[in-house]
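Quick note on numbering: this note's numbering labels position 89 of the sequence shown as 214, and the sequence is numbered without any gaps.
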Amino acid sequence: LIDLDGKTFNFSKYAGKVIYVDFWASWCGPCRGQMPFSKQMHESLTEKEKSKIVFLYISIDEDEQAWKNAVEKLELKNFENGYSKGGWGCEVAKKYKISSIPRYMIIDKTGKIVNLEAKRPSDPETILELKQLMK
């Protein structure tokens, strides 16, 4: 993955934390529609809880600049952002068998994928599942 500064990284960067991964693209209306719910989930957490979790937005946009523009417009800069080059053919889409977006995934503190098809941010059960993993 590439971050907003053009540096490469992978999930190991967040070792010891729960990761809520949001696979999306700038052109995806349903993806963008879930963003406010994701922000609400984050805002509902205590500072202690926030230190145990990462909200990671991974774009599969074809165009890197479209991704950066959307991050700016959607005010996602305060979260973790990644870009996987290649659109639907990108490495991330292949590895996690992503054939539609939005798509969510949860990784536990040990780095194990515990939910490859997690519920959307708008589902009240999502925050409960995340809090359970943070314990």
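Glycine included, C-beta positions come from ideal geometry on N, C-alpha and C.
| request: Name the residue from 146, 181, 139, 190 whose alpha carbon lies nearest to the alpha carbon of residue 131. | output: 190
| message | My assumption, with CB atoms under 8 Å, is that residue 229 sits in contact with residue 143. Please give the rounded CB distance. | response | No, residue 229 and residue 143 are not in contact; Cβ-Cβ is about 13 Å, not under 8 Å.
| query | Nearest-angstrom Cα distance between residue 169 and residue 222? | reply | 31 Å
| query | If you draw a straight line from the alpha carbon of residue 194 to that of residue 174, how long is it in whole angstroms? | reply | 29 Å
| said: Let's test the definition: count the other Cβ atoms within 10 Å of the Cβ of residue 249 and tell me whether it reaches 16, buried, or not, exposed. | reply: exposed
| Helix or strand or just coil, what does DSSP make of residue 253? | helix
| query | DSSP puts residue 148 in a beta bridge; with which residues? | reply | 183, 228
| Excluding five sequence neighbours on each side, which residues of the same chain lie with their C-beta closer than 8 Å to the C-beta of residue 226? | 148, 149, 150, 153, 155, 156, 185
| request: For the beta strand (DSSP E) containing residue 206, list its first residue and its last residue. | output: 205-208
| query | Can residue 231 and residue 207 be called in contact, C-beta distance under 9 Å? | reply | no
| query | Assuming residue 252 and residue 166 make a contact with CB atoms under 8 Å, what is their CB distance in whole Å? | reply | 5 Å
| message | Could you compute how far the alpha carbon of residue 236 sits from the alpha carbon of residue 138? | response | 10 Å
| request: Could you tell me which residues DSSP pairs with residue 133 in its beta bridges? | output: 127
| task | Express the C-alpha separation of residue 134 and residue 259 in angstroms, rounding to a whole number. | result | 23 Å
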